[in-house]
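Below is one structure, written out as structure tokens, with a few remarks after it.
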Amino acid sequence: EADIYQTPRYLVIGTGKKITLECSQTMGHDKMYWYQQDPGMELHLIHYSYGVNSTEKGDLSSESTVSRIRTEHFPLTLESARPSHTSQYLCASSEYGYNEQFFGPGTRLTVL
Amino acid sequence: RKEVEQDPGPFNVPEGATVAFNCTYSNSASQSFFWYRQDCRKEPKLLMSVYSSGNEDGRFTAQLNRASQYISLLIRDSKLSDSATYLCVRAGGSYIPTFGRGTSLIVHP
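Heads up: the protein sequence lines correspond to chains A and B, in order.
Using this note's numbering, the letters of the first sequence map in sequence onto residues 819 to 930.
Using this note's numbering, the letters of the second sequence map in sequence onto residues 35 to 143.
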């Protein structure tokens, strides 16, 4: 089993709230990723990181931000949640030089 | 054209059947390919890597055809538990892995 964790697993929140989705991995992986996935739809990359102090935007425009202060931690923040942010958010990591990704269990976000 | 394309299906097959999926990619410089399995409302999990020489793991066989730019996944003797969405992924070097939309497989009794 992959050692990558996401909290919370489920979150229901009102419009305008600030939220942070947590992602941690204990495998020492340099690369980390955030994906957004709606039910039955494809994964969309929204952010990624090659290592500490490295963050990049992905293919899908997102109003979220990320930080990478520690290797094992890659939190995603929404400053002001909206109903359009309702989705599943999946965090993943991979070892630098290798492309196999390990995914966390996901956070299912509902914004009312 | 999308970088990675898959037939979304669903593929409906009876138990015991052999089923094959293809996935085409557009970047000829791609180096690594993978198949992931994703169950409903769960995270993707690595099923197998795809090597140029092919790769077999039990009932599952993956092939890579660089000339025609596609990879394939063959499942023999399908089980009910094989029902899932199968995601094709291409990556390479500094490329960020790119996922296909996935192919849905439904195995029925």
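Every residue gets a Cβ at the ideal spot worked out from N, C-alpha and C, and that includes glycine.
One finds I130 in chain B with Cβ atoms closer than 9 Å to the Cβ of Y866 (chain A), taken in chain order.
Neighbours of S66 (chain B) in chain A, taken as residues whose beta carbon is under 9 Å from its own, are Y916, N917, E918 in chain order. Apart from the 5 residues on each side of it in sequence, V53 (chain B) sits with its Cβ closer than 7 Å to the Cβ of F45, V47, I109, S112, L139 in its chain, given in chain order. Nearest CB-CB separation between R93 (chain B) and chain A: not below the 8 Å threshold.
Annotation for D91 (chain B): the continuous beta strand (DSSP E) segment containing it runs 89–91.
By the C-beta density criterion, G134 (chain B) is buried, having at least 16 other C-beta atoms within 10 angstroms.
Interface flag for E890 (chain A) against chain B is unset, since no Cβ pair is found closer than 8 Å. It is roughly 28 Å from the alpha-carbon of D73 (chain B) to the alpha-carbon of E874 (chain A). Taking a contact to require three or more Cβ pairs closer than 8 Å, the segment 832–839 of chain A and the segment 96–107 of chain B do not qualify as touching. Proximity of chain A to G136 (chain B) at the Cβ level (cut-off 7 Å) is accounted for by E860, in chain order. From the beta-carbon of F133 (chain B), the residues of chain A found nearer than 7 Å are E860, L861. Boundaries cannot be given for T889 (chain A), as no beta strand (DSSP E) includes it and DSSP labels it neither H nor E.
Within the segment 77–111 of chain B, E77, P78, K79, L80, S83 place their CB atoms closer than 9 Å to a CB of chain A, listed in sequence order. Around G924 (chain A), the same chain offers Q824, Q906, Y907, L908 as residues with beta carbons nearer than 7 Å, after the five sequence neighbours per side are excluded. The beta-carbon distance between S872 (chain A) and R886 (chain A), rounded to whole angstroms, is 6 Å. This is short enough to meet the 8 Å contact definition. DSSP places S115 (chain B) in the helix class (H, G or I) of the three-state scheme.
The C-beta of A118 (chain B) comes no closer than 8 Å to any C-beta of chain A.
Here H903 (chain A) carries a helix assignment [DSSP, helix/strand/coil]. If you check each beta-carbon in the segment 36–67 of chain B against every beta-carbon of chain A, the ones closer than 7 Å belong to S66. Counted as a single uninterrupted DSSP element, the beta strand (DSSP E) harbouring K79 (chain B) occupies residues 79–84.
In chain order, V38, Q40, C57, W69, I105, G134 place their CB closer than 7 Å to the CB of C122 (chain B), counting only its own chain and leaving out the 5 sequence neighbours on each side.
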